[in-house]
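J.:
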Amino acid sequence: MRAQTSVQIREPYFTKVFKPVVFALALLPLALLGWGVWQDTLGANPIETITRSLGEWTLRFLLLTLLLSTLRQATGWVQGIRLRRMLGLFAFFYGVLHLLSYLWLDQFFDWAEIWYDIVERPFITVGMLAFVLMTPLALTSFKAAIRKLGRNWQRLHTLIYPLAVLGVLHFWWLADSKARTEVPLIYAVLLAVLLGERLWRWSVPRFSKIPVTR
Amino acid sequence: MLIKRPFDLTDNDVTDYALYQRRRDFLKTLGGIALIGASGLPLSAAAKSTFSTDEEQTPFDDITTYNNFYEFGTDKSDPAQYASIMKTSPWSVTVDGECAKPGKLNLEDILKPHSKEERIYRLRCVEGWSMVIPWLGFPLADLLKRFEPTSKAKYVSFETLFDPEQMPGQKRNVLDWPYAEGLRMDEAMHPLSFIATGLYGKDLLNQNGAPLRLVVPWKYGFKSIKSIVKISFVEEQPNTSWGRSAPGEYGFYSNVNPEVDHPRWSQRKERRIGEFRKRDTLMFNGYAEQVASLYSGLDLRKNY
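Heads up: the sequence lines are chains A and B, in that order.
Take 4 as the starting number for the first sequence in this note's numbering and just add one per residue.
Take 49 as the starting number for the second sequence in this note's numbering and just add one per residue.
#1: To the nearest angstrom, how far is the alpha carbon of aspartate 110(B) from that of glycine 334(B)?
#2: Can you give the Cα-Cα distance for leucine 91(B) and alanine 167(A), rounded to whole angstroms?
#3: Beta carbon of proline 265(B), beta carbon of threonine 245(B): below 9 Å?
#4: Within 10 angstroms of its Cβ, does tryptophan 199(B) collect 16 or more other Cβ (buried), or is it exposed?
#5: Should proline 139(A) go down as buried or exposed, given a rule of 16 or more other Cβ atoms within 10 Å for buried?
#6: Assign aspartate 157(B) to one of two classes, buried (16 or more other C-beta atoms within 10 Å of its C-beta) or exposed (fewer than that).
#7: What in chain B is Cβ-close to arginine 124(A), meaning under 9 Å?
#8: Could you round the C-beta distance between methionine 179(B) and isoleucine 321(B) to whole angstroms and report it? I think they count as a contact, below 8 Å.
#9: Return no unless some Cβ of chain A is closer than 9 Å to the Cβ of arginine 349(B).
#10: Quick one: Cα of proline 295(B) to Cα of threonine 288(B), how far?
#11: Nearest CA to the CA of glycine 126(A): which residue from Thr44(A), Tyr97(A), Trp114(A), Trp175(A)?
#12: According to DSSP, is tryptophan 222(A) part of a helix, a strand, or is it coil?
#13: Round the Cβ separation of histidine 173(A) and valine 129(A) to the nearest angstrom and send it over; I've been treating them as touching at under 8 Å.
#14: Is the CB of aspartate 251(B) under 9 Å away from at least one CB in chain A?
#15: Is the Cβ of glutamine 82(A) closer than 9 Å to any Cβ of chain B?
#16: At the 9 Å Cβ level, is phenylalanine 186(B) part of the contact set with chain A, yes or no?
#17: Whole angstroms are fine: how far does the CA of glycine 153(A) sit from the CA of histidine 310(B)?
#18: Give me the DSSP bridge partner(s) of isoleucine 279(B).
#19: Put asparagine 254(B) into one of helix, strand or coil per three-state DSSP.
#20: Leaving aside the five residues before and after isoleucine 133(B) along the sequence, list all residues of the same chain whose C-beta is less than 6 Å from its C-beta, in chain order.
#21: From phenylalanine 300(B) to tyrosine 352(B), what distance separates their C-alpha atoms?
#22: For leucine 247(B) and valine 174(B), what's the separation of their Cα atoms in angstroms?
#23: Would DSSP call phenylalanine 21(A) helix, strand or coil?
#24: Using the three-state DSSP reduction, which class does leucine 91(B) fall into: helix, strand or coil?
#25: Is it right to say asparagine 115(B) is buried, meaning 16 or more other beta carbons lie within 10 angstroms of its own, or is it exposed?
#26: Quick check on the DSSP output: the alpha helix (DSSP H) that includes valine 129(A) runs from which residue to which?
#27: Would you mind stating whether glycine 170(A) and leucine 65(A) have Cβ atoms separated by less than 9 Å?
#28: Answer with yes or no whether the minimum CB distance from lysine 219(B) to chain A is below 9 Å.
#29: Just tell me which of Thr136(B), Val277(B), Tyr169(B), Ala201(B) has its CA closest to the CA of lysine 152(B).
#30: Give me the Cα-Cα distance between asparagine 154(B) and tryptophan 313(B), rounded to the nearest whole angstrom.
#31: Between phenylalanine 270(B) and the rest of its own chain, which residues show a CB-CB distance below 8 Å, the 5 nearest in sequence each way excluded?
#32: Measure the alpha-carbon distance for tyrosine 227(B) versus aspartate 211(B) and round it to whole angstroms.
#33: Ignore the nearest five residues each way along the sequence and tell me which others in glycine 121(B)'s own chain have a CB closer than 8 Å to its CB.
#34: The segment 93–123 of chain B: which residues have C-beta closer than 7 Å to a C-beta of chain A, in chain order?
#35: From tryptophan 156(A) to glycine 83(A), what distance separates their C-alpha atoms?
What follows is the structure, given as structure tokens:
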């Protein structure tokens with residue numbers, strides 16, 4: 004528990020300033036996309052830009068969500084964990100918009116074509132699966148659900164690990180087989196670091212000095 | 049299908065389509081002004097072609113800012129950003145292989161005998177988007193005949209410039225450089241096969257493959273090699289850069305074919321740049337009447 008007090012944000016600031024600022028920042032990518040549509044600055048193929056941007060922000064928020072507990076391990080900043088639900092829900096929020104932009108803007112609700120995509124294209128299959136896994140996490144994120152599910156809530160929410168892996172795989176397989184994997188590789192490395200830290204922490208419990216709290 | 053009704057919107061129901069229209073009108077006005085300004089210059093000299101489509105043309109700024117030209121980076125916006133580094137003058141093209149008159153020609157000598165014509169062609173990218181582009185140039189066959197290919201010339205292969213200093217994307221190993229493509233001789237000699245030196249009445253910009261590029265409108269865009277520095281007449285089917293990179297995805301023929309999918313992109317539909325809804329992809333990109341006979345007896349599933 005040592006050194007924790009030094010990195011805490013004073014409580015009133017945390018709830019009244021810090022959290023709302025993070026909330027507003029999390030909406031910024033969406034606002035910028037909206038602005039881009041309005042000003043027509045999204046390039047020749049704005050639908051592609053919108054879908055890809057929303058997808059990347061889904062991944063970014065997933066990684067940020069995972070980062071919070073790693074950050075606590077590294078710096079002792081316990082307060083950050085209280086942002087986890089919000090950032091997790093933002094990951095879901097951008098995931099929903101990403102899926103919607105695919106279903107509506109890209110495929111225009113052509114269900115036959117969408118089904119064909121899911122069955123025929125591994126990167127779509129994996130992306131859909133990631134979304135399916137993300138949904139129960141978002142649906143059980145409110146306090147009553149947490150209380151009701153008890154220990155099972157923790158178990159359920161470990162789904163974030165496989166779904167984050169599927170999300171990165173989705174991005175990886177979308178990229179050219181050889182040509183464009185640099186950006187997906189960055190996400191893969193970041194995710195590997197975040198998951199590796201947890202493996203390390205769980206396999207060597209004596210190193211985790213800070214008790215796990217929700 | 050059951051859930052079709054609520055989504056049965058028309059294009060007019062969608063705001064950003066209206067925005068598009070407004071931008072298009074604006075661009076058309078701009079284009080009109082530019083044309084009036086430039087009248088007496090190249091465009092009026094360009095002959096109209098019976099091969100041209102009368103479909104709505106993709107705006108100039110879309111054609112010149114949304115490009116795949118990995119020599120300058122893998123993002124669509126990279127070529128417009130970086131291609132100006134490439135020096136297109138002086139430029140020379142080496143012609144070798146099975147022909148009576150091989151040699152190294154200056155760009156001027158390549159262009160001299162040919163009068164330019166305009167060809168408004170559809171362009172279909174394997175990634176599922178398409179454009180309508182008013183090219184300026186001359187038939188590939190006219191160029192190739194000058195070198196008098198022999199009866200041994202079964203294929204013609206092309207190469208793009210290799211110079212990582214001018215093409216920074218080549219510093220990365222994303223494809224086998226130099227970019228290589230090829231056609232069967234009868235495909236190359238087909239009247240639709242075209243060498244473009246300009247578009248919209250202007251000289252080609254570097255990102256579109258200046259100073260001269262191939263245009264094969266019934267094949268996916270990557271067959272239409274840009275910034276050509278080498279033409280070889282060969283006996284055997286040549287290797288292509290994309291074919292070497294992913295042989296299961298990019299065949300030698302790469303004819304636009306809605307029936308044969310790419311593993312990552314369905315080929316049944318396409319988004320015409322500037323349009324909101326997708327449209328059906330046509331066999332041979334709508335040029336079946338002209339080119340289907342080239343492939344009679346060929347299994348297009350195997351020879352994708």
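Think of the CB as a built atom: it goes at the ideal place given N, C-alpha and C, for glycine as much as any other residue.
Remember, predicted model here, so these are calculated numbers, not experimental data.
T.: The short version:
#1: As a first step, residue 110(B) must be located in the second sequence, where it is residue number 62. As a first step, residue 334(B) must be located in the second sequence, where it is residue number 286. About 22 Å.
#2: Position 43 of the second sequence, counted from the first residue, corresponds to residue 91(B). Position 164 of the first sequence, counted from the first residue, corresponds to residue 167(A). Residue confidence is low: leucine 91(B) scores 46 on pLDDT, short of 50, so the model does not pin down where it sits. No coordinate-derived value is stated.
#3: In the second sequence, residue 265(B) corresponds to position 217, counting from 1. In the second sequence, residue 245(B) corresponds to position 197, counting from 1. Against a cut-off of 9 Å, the Cβ pair of threonine 245(B) and proline 265(B) comes out as no contact.
#4: Against the second sequence, residue 199(B) aligns to sequence position 151. A small correction: the amino acid at residue 199(B) is serine; tryptophan does not occupy that position in the sequence shown. Around the beta-carbon of serine 199(B), fewer than 16 other beta-carbon atoms lie within 10 Å, marking it exposed.
#5: Looking up residue 139(A) in the first sequence gives position 136. Proline 139(A) is exposed by the Cβ-count criterion.
#6: Working through the second sequence from its first residue, we reach residue 157(B) at position 109. Taking every protein chain shown into account, the CB of aspartate 157(B) has fewer than 16 other CB atoms within 10 angstroms, so this residue is exposed.
#7: Along the first sequence, one-based indexing puts residue 124(A) at 121. Below the 9 Å Cβ cutoff, chain B contributes Asp309, Pro311, Arg312, Trp313, Ser314 as neighbours of arginine 124(A), in chain order.
#8: For this step, residue 179(B) is matched to residue 131 along the second sequence. For this step, residue 321(B) is matched to residue 273 along the second sequence. The pair is a contact, with the Cβ atoms about 5 Å apart (cut-off 8 Å).
#9: Within the second sequence, numbered from 1, the residue matching residue 349(B) stands at position 301. Answer no: the Cβ-Cβ gap between arginine 349(B) and chain A never drops below 9 Å.
#10: The count along the second sequence starts at 1 and reaches residue 295(B) at position 247. The count along the second sequence starts at 1 and reaches residue 288(B) at position 240. So the two alpha carbons sit approximately 9 Å from each other.
#11: The residue you call residue 126(A) lines up with position 123 of the first sequence. Here the sequence assigns phenylalanine to residue 126(A), which means glycine is not the residue at that position. Considering only alpha carbons, the answer is Trp175(A).
#12: In the structure as shown, chain A starts at 4 and stops at 217, and residue 222(A) therefore has no counterpart that could be examined.
#13: Within the first sequence, residue 173(A) is the residue found at index 170, counting from 1. Within the first sequence, residue 129(A) is the residue found at index 126, counting from 1. That belief holds up - the Cβ atoms of histidine 173(A) and valine 129(A) are roughly 5 Å apart, short of 8 Å.
#14: Taking the first residue of the second sequence as position 1, residue 251(B) is located at position 203. The C-beta of aspartate 251(B) comes no closer than 9 Å to any C-beta of chain A.
#15: Here residue 82(A) refers to the residue found at position 79 when the first sequence is read from its first residue. Between glutamine 82(A) and chain B, the shortest Cβ-Cβ separation is not below 9 Å.
#16: Position 138 of the second sequence, counted from the start, is the residue given in the question as residue 186(B). For phenylalanine 186(B), the closest Cβ of chain A is not nearer than 9 Å.
#17: Taking the first residue of the second sequence as position 1, residue 310(B) is located at position 262. Taking the first residue of the first sequence as position 1, residue 153(A) is located at position 150. Straight through space, the alpha carbons of glycine 153(A) and histidine 310(B) are spaced by roughly 47 Å.
#18: The count along the second sequence starts at 1 and reaches residue 279(B) at position 231. Isoleucine 279(B) is bridged by DSSP to Val143(B), Phe206(B).
#19: What you label residue 254(B) is simply residue 206 of the second sequence in a count that begins at 1. Of the three classes helix, strand and coil, the one that applies to asparagine 254(B) here is helix, per DSSP.
#20: If you number the second sequence from 1, residue 133(B) lands on position 85. Taking isoleucine 133(B) as the centre and dropping the five residues before and after it, the same chain places the C-beta of Gln214 closer than 6 Å to its C-beta, in chain order.
#21: Counting from 1 along the second sequence, the entry for residue 300(B) is found at position 252. Counting from 1 along the second sequence, the entry for residue 352(B) is found at position 304. In a straight line, the C-alpha of phenylalanine 300(B) is about 7 Å away from that of tyrosine 352(B).
#22: Stepping through the second sequence from its first residue, residue 247(B) is reached at position 199. Stepping through the second sequence from its first residue, residue 174(B) is reached at position 126. Straight-line spacing of the CA atoms in leucine 247(B) and valine 174(B) works out to 21 Å.
#23: For the purposes of this step, residue 21(A) is identified with residue 18 of the first sequence, where counting begins at 1. When secondary structure is reduced to three states using DSSP, phenylalanine 21(A) falls in the helix class.
#24: Position 43 of the second sequence, counting from 1, holds the residue named residue 91(B). Since pLDDT at leucine 91(B) reaches only 46, below the 50 mark, its modelled position is unreliable, and no value is offered.
#25: Reading the second sequence from its first residue, position 67 is the one you call residue 115(B). Buried: at least 16 other Cβ atoms inside 10 Å.
#26: The sequence position of residue 129(A) within the first sequence is 126, counting from 1. Looking at the DSSP string, the run of the alpha helix (DSSP H) that includes valine 129(A) is 125–142.
#27: Your numbering for residue 170(A) matches position 167 in the first sequence. Your numbering for residue 65(A) matches position 62 in the first sequence. Result yes, Cβ atoms of glycine 170(A) and leucine 65(A) sit closer than 9 Å.
#28: Residue mapping note: residue 219(B) aligns to position 171 of the second sequence, counting from 1. Judged by the 9 Å Cβ criterion, lysine 219(B) is not in contact with chain A.
#29: Position 104 of the second sequence, counted from the start, is the residue given in the question as residue 152(B). Ranked by Cα distance from lysine 152(B), the options Thr136(B), Val277(B), Tyr169(B), Ala201(B) are led by Val277(B).
#30: The residue given as residue 154(B) occupies position 106 in the second sequence. The residue given as residue 313(B) occupies position 265 in the second sequence. Take the alpha-carbon of asparagine 154(B) and the one of tryptophan 313(B): they are about 40 Å apart.
#31: Here residue 270(B) corresponds to residue number 222 of the second sequence, with the count starting at 1. So the list reads Asn116, Cys173, Val174, Glu229, Trp290, Tyr298, Ser302, once near-sequence residues are dropped.
#32: Against the second sequence, residue 227(B) aligns to sequence position 179. Against the second sequence, residue 211(B) aligns to sequence position 163. The straight-line gap from Cα to Cα measures roughly 11 Å.
#33: Here residue 121(B) corresponds to residue number 73 of the second sequence, with the count starting at 1. Once the five neighbours on either side are set aside, the close Cβ partners of glycine 121(B) are Pro127, Gln129, Tyr130, Pro216, Gly217.
#34: From the segment 93–123 of chain B, only Asp110, Thr113, Tyr114, Tyr118, Thr122 have a Cβ closer than 7 Å to chain A.
#35: One-based indexing of the first sequence puts residue 156(A) at position 153. One-based indexing of the first sequence puts residue 83(A) at position 80. Cα atoms of tryptophan 156(A) and glycine 83(A): separation of roughly 20 Å, rounded to the nearest angstrom.
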